[in-house]
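Enquirer:
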């Protein structure tokens, strides 16, 4: 890993730690304290808080894709188990994050929200192949993959767009698990 990338990863991982404690309202001072470096140094790595979040979106989705690849190639899991785990994957270090705090991101950081939408929409090839294999194996009823994917994406985006989880004291991880169970139960043979 080159030094520039190492520094970006260090800042992003510190951002995750601060986010766990303070949510979206953390300051660059909080981040500087967590890193043990000056804000000036952080600004040489990232222009501003929004750019940290943009990088963080890619970093998080890249980690999710790495986890999905491991699941996809885990021969100890059935097709049904693989699909359940792939749709509900949260990388280590992200499970404790309160993603419910992201509900106002669409309005405060529309570019970040757009990037989340793009990343959520991309990289489904392995999951779709797994779904099709499940239909061939008779594990899943024949179903419309496009509708399934759109339903999953829309539900996840609703968790970020609206304050639906906090008033009901539902964690993002629990909401994701519920969503995956509902969808998979709907296609299970």
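In my numbering, the protein residues as written are 965 to 1153. We put the CB at the ideal spot given by N, CA and C, even for glycine.
Residue 1020 and residue 976: beta carbons closer than 8 Å?
Expert: Result yes, Cβ atoms of residue 1020 and residue 976 sit closer than 8 Å.
Enquirer: So, does the stretch 1078-1089 touch the stretch 1134-1143, judging by three or more C-beta pairs under 8 Å?
Expert: At 8 Å Cβ cutoff, the stretches do not touch.
Enquirer: If I measure Cβ to Cβ from residue 1029 and keep anything under 6 Å in the same chain, skipping five residues before and after, which residues do I get?
Expert: Closer than 6 Å at the Cβ level, and outside the excluded window around residue 1029, lie 1087.
Enquirer: Taking the C-alpha atoms as reference points, what is the distance between residue 1005 and residue 1132?
Expert: Their Cα atoms are separated by approximately 40 Å.
Enquirer: Quick test of the definition: if touching needs 3 or more C-beta pairs under 8 Å, does the stretch 1000-1014 touch the stretch 1033-1050?
Expert: Touching, no.
Enquirer: Just checking my contact of residue 994 with residue 986 at CB under 8 Å: how many whole Å lie between their CB atoms?
Expert: 6 Å between Cβ atoms; contact.
Enquirer: Under the DSSP definition of a beta bridge, which residues are partnered with residue 1104?
Expert: Bridge partners of residue 1104: 1152.
Enquirer: One question on the structure: do residue 1120 and residue 1084 come within less than 8 Å of each other, judged by their Cβ atoms?
Expert: In this structure, residue 1084 lies closer than 8 Å to residue 1120 by Cβ.
Enquirer: Cα separation between residue 1071 and residue 1125?
Expert: Answer to the nearest angstrom: the Cα atoms are 9 Å apart.
Enquirer: For residue 1008, which residues in the same chain have their Cβ closer than 8 Å to its Cβ, ignoring the five residues on either side in sequence?
Expert: So no residue of the chain qualifies.
Enquirer: So what's residue 985 in DSSP terms, helix, strand or just coil?
Expert: Residue 985 falls in the helix class under three-state DSSP.
Enquirer: DSSP state of residue 1098, grouped into three classes?
Expert: Residue 1098 falls in the helix class under three-state DSSP.
Enquirer: Buried or exposed for residue 989, please, with buried defined as at least 16 other CB atoms from any protein chain shown within 10 angstroms of its CB.
Expert: So residue 989 ends up on the exposed side.
Enquirer: Would residue 967 be called buried (16 or more neighbouring beta carbons within 10 Å of its own) or exposed?
Expert: Looking at its Cβ environment, which holds fewer than 16 other Cβ atoms inside 10 Å, residue 967 is exposed.
Enquirer: So which of 1041, 1024, 1051, 1103 has the shortest CA-CA distance to residue 980?
Expert: Nearest of 1041, 1024, 1051, 1103 to residue 980, Cα basis: 1024.
Enquirer: Taking the alpha carbon of residue 1122 as the reference point, which residue from 1111, 1139, 1109 has its own alpha carbon closest?
Expert: Closest option to residue 1122, Cα to Cα, is 1139.
Enquirer: For residue 1041, name the three-state secondary structure that DSSP assigns.
Expert: Three-state result, residue 1041: coil.
Enquirer: Of all the options 1073, 978, 1095, 1080, which has the alpha carbon lying nearest to the alpha carbon of residue 1155?
Expert: Since the displayed the chain opens at 965 and closes at 1153, residue 1155 lies outside it and no answer follows.
Enquirer: Between residue 1069 and the rest of its own chain, which residues show a CB-CB distance below 7 Å, the 5 nearest in sequence each way excluded?
Expert: Excluding sequence neighbours, residue 1069 sits near 1076, 1077, 1124.
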